[in-house]
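> Convert by adding 2 to the 1-based position in the sequence shown; the result is the number in this note's numbering.
No residue lacks a Cβ here, since even glycine has one placed at the ideal position from N, Cα and C.
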Amino acid sequence: MEKQGWKIKDVKKGSIADQIGLEKGDRVSCINCEKFKDVLDYRYLCADEELELEAFKENGDQWLIDIEKDYDEDLGIMFESPTISPEKRCSNRCIFCFIDQMPKGMRSSLYVKDDDYRLSFLHGNFITLTNLTEREIERIEKQHLSPLYVSVHTTDPVLREKMVRCNQGRNILETLKRLASVDIEMHGQVVLCPGINDGTVLNQTIKDLAELWPSFKSLAVVPVGITRYRENQFPLTAVTSQGAQDIIESVGRWQAKFLKDLGTRFVFPADEFFLKAGIDIPLDYSYEEYPQTENGVGLIRILLNNLEKWTNTDLPLKLSSPVTVSLVTGNLAKPYIEKLAHFFNTVENLKVKVWDIENIFFGKEVTVSGLICGKDMIDSLSDKELGDLLIIPDVMVRDGKDLFLDDYTREEIEDILQVKTKVINSLLEGVTPFDLFSL
3 MEKQGWKIKD
13 VKKGSIADQI
23 GLEKGDRVSC
33 INCEKFKDVL
43 DYRYLCADEE
53 LELEAFKENG
63 DQWLIDIEKD
73 YDEDLGIMFE
83 SPTISPEKRC
93 SNRCIFCFID
103 QMPKGMRSSL
113 YVKDDDYRLS
123 FLHGNFITLT
133 NLTEREIERI
143 EKQHLSPLYV
153 SVHTTDPVLR
163 EKMVRCNQGR
173 NILETLKRLA
183 SVDIEMHGQV
193 VLCPGINDGT
203 VLNQTIKDLA
213 ELWPSFKSLA
223 VVPVGITRYR
233 ENQFPLTAVT
243 SQGAQDIIES
253 VGRWQAKFLK
263 DLGTRFVFPA
273 DEFFLKAGID
283 IPLDYSYEEY
293 PQTENGVGLI
303 RILLNNLEKW
313 TNTDLPLKLS
323 SPVTVSLVTG
333 NLAKPYIEKL
343 AHFFNTVENL
353 KVKVWDIENI
363 FFGKEVTVSG
373 LICGKDMIDS
383 LSDKELGDLL
393 IIPDVMVRDG
403 KDLFLDDYTR
413 EEIEDILQVK
423 TKVINSLLEG
433 VTPFDLFSL
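1) Quick check on Val203: does DSSP put it in helix, strand or coil?
2) Measure the Cβ-Cβ separation of Ile359 and Ile374 and say whether it is below 7 angstroms.
3) Report, in whole angstroms, the separation of the C-beta atoms of Pro237 and Val253, which I expect to be a contact under 8 angstroms.
4) According to DSSP, simplified to helix, strand and coil, what is Glu367?
5) Who does Ala222 pair with in a DSSP beta bridge?
6) For Cys195 versus Phe128, is the C-beta spacing smaller than 7 angstroms?
7) Could you tell me the distance, in whole angstroms, from the CA atom of Ser183 to the CA atom of Gly126?
8) Leaving out five residues on either side along the sequence, give the residues of the same chain with a beta carbon under 7 angstroms from the beta carbon of Asp286.
9) Going by beta-carbon coordinates alone, are Asp390 and Thr326 separated by less than 7 angstroms?
10) Sorted by chain position, which residues of the same chain lie with C-beta nearer than 6 angstroms to Val421's C-beta, five sequence neighbours on each side aside?
11) Quick one: which unbroken beta strand (DSSP E) runs of 3-plus residues sit fully inside the stretch 57-111? Chain order, please.
12) If you follow the beta strand (DSSP E) that Leu391 is part of, which residue opens it and which one closes it?
13) Output yes or no for whether 7 angstroms exceeds the beta carbon distance between Lys366 and Asp408.
14) Give the DSSP-derived three-state secondary structure of Lys403 in the structure shown.
15) Using a Cβ-Cβ cut-off of 8 angstroms (strictly less than) and excluding sequence neighbours within five positions of Gly16, which residues of its own chain qualify?
16) Can you tell me the Cα-Cα spacing of Gly432 and Ile426, whole angstroms?
17) Alpha carbons only, please: which of Phe436, Lys341 and Val356 is nearest the one belonging to Leu321?
18) For Leu55, which residues does DSSP report across the bridge?
19) For a quick check, are the C-beta atoms of Ala212 and Phe268 less than 7 angstroms apart?
20) Could you tell me which residues DSSP pairs with Val425 in its beta bridges?
21) Please classify Cys96: is it buried, with 16 or more other beta-carbons within 10 angstroms of its beta-carbon, or exposed?
22) Among the residues of its own chain, which have a CB less than 6 angstroms from the CB of Gln64, if the five just before and after it don't count?
23) How far does the alpha helix (DSSP H) with Thr177 in it reach, from first residue to last?
24) What are the residues that DSSP puts in a beta bridge with Tyr151?
25) How many whole angstroms separate the CB atoms of Ile174 and Val192, which I take to be in contact at a CB cut-off of 8 angstroms?
26) What is the DSSP secondary structure of Gly245, counted as helix, strand or coil?
27) Check each candidate in Gly107, Glu274 and Thr177 and name the one with the smallest Cα separation from Asn133.
28) Using beta-carbon positions only, say whether Pro318 and Asn351 come within less than 7 angstroms of one another.
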């Protein structure tokens with residue numbers, strides 16, 4: 003922290019900060035005469051209804067501002083870092099790290115490896131716990147920073163050290179037991195690497211973590227992602243169709259046991275296993291409260307649930323003039339996007355096409371929609387008859403910026419493919435049938 007406080011990146015329009023005249027480039031030094039070292043301290047100090055805020059304008063002028071507000075009302079200040087103080091970076095060299103498998107030359111933010119317990123608490127980021135100091139663990143316990151989201155991968159000490167390639171990573175189970183003893187809620191993930199942490203190793207991991215329930219609330223098993231840029235890295239193999247089926251069956255047996263013993267399924271396989279195995283996505287009740295959506299668990303079911311809310315009465319019988327709409331998706335999800343397209347079959351003068359995009363940029367093993375790049379979309383669709391409107395799921399673009407992973411913009415896609423585009427919520431949340439064909 004500099005002498006004059008933490009620098010403001012932006013101020014939300016209409017917020018308290020905006021109303022009192024704070025601007026980008028100003029610095030906030032103290033709240034109620036107390037300095038804050040990070041976002042957790044800041045949020046705690048801002049919770050009061052009466053504040054005295056010390057700030058320094060860009061020209062060096064010092065401001066002391068009295069503020070009256072509702073309890074927990076946000077001031078509307080965005081700092082240069084989401085944690086205010088520098089984010090904690092990852093100290094691991096995981097054998098399956100996706101960032102290490104990306105090509106050079108992409109925007110710098112895509113290569114950032116955060117491993118920060120504050121971001122886990124505030125935003126649900128998964129962390130390995132390998133870089134926690136004793137003081138930070140004590141802070142988690144004292145301030146009851148819960149829930150936390152933990153990348154476990156295995157509870158076997160020797161294997162975990164091998165997988166994360168950090169000697170501080172081996173005793174994960176002891177740290178989890180300590181946090182569970184003070185009722186810190188946790189959710190975990192296992193990135194499944196065939197031949198490494200599957201089979202009996204996975205069974206032991208599931209068993210160990212379930213013994214920490216109810217503090218350890220849920221566990222997701224997700225398949226390792228492998229790109230074509232794995233040069234000079236630890237040899238890994240992708241999950242096969244048969245391997246995916248084996249995982250579904252194995253996890254299913256655990257779910258049946260836990261449902262009987264704990265009243266919860268506890269462990270959940272990612273959607274990608276069902277898609278790879280060609281097995282129907284489970285019904286809604288199978289996902290309970292959907293605790294692992296960030297890991298791609300239950301997203302297809304949410305899509306289908308939202309689609310089932312639509313009825314033919316939501317549709318016109320006929321459009322006044324012919325309209326053709328194209329939907330794009332990754333290879334794996336195509337059968338479910340086709341269900342969406344079939345919904346519109348009854349509308350005269352409306353034609354809905356589905357195009358699956360092969361991932362050349364990252365490699366054919368990468369089949370999820372969220373990793374489709376702009377160039378692959380252009381190459382796949384340039385010779386296709388796309389019609390009047392191209393629907394792009396929001397998982398393909400950066401939040402709020404319509405920017406693909408390879409920095410193609412939505413506007414560039416429109417210009418090159420000569421078609422109007424529209425970005426919609428990939429799960430159909432807040433989307434009406436008319437959103438998909440209204441030009």
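So, to answer that:
1) Val203: helix per DSSP, three-state reduction.
2) yes
3) Pro237 to Val253, Cβ: 25 angstroms. No contact.
4) coil
5) Gln191 and Phe270
6) Not closer than 7 angstroms, so no.
7) 21 angstroms
8) The residues are Arg303 and Asn307.
9) Their beta carbons are under 7 angstroms apart, which means Asp390 touches Thr326 by this criterion.
10) Answer for Val421: Leu388 and Leu392, listed in chain order.
11) 64-70 and 79-81
12) Leu391 to Pro395
13) no
14) Lys403 falls in the coil class under three-state DSSP.
15) Gly78
16) Answer to the nearest angstrom: the Cα atoms are 9 angstroms apart.
17) Phe436
18) Ile33 and Ile67
19) Pairing Ala212 with Phe268 gives a Cβ-Cβ distance under 7 angstroms.
20) Ile394
21) Around the C-beta of Cys96, 16 or more other C-beta atoms lie within 10 Å, and the residue is accordingly described as buried.
22) Phe58
23) Unbroken alpha helix (DSSP H) run through Thr177: Ile174 to Ser183.
24) Paired residue(s): Phe128 and His189.
25) Not confirmed; about 11 angstroms, so no contact.
26) helix
27) Thr177
28) For Pro318 and Asn351, no; Cβs fall outside 7 angstroms.
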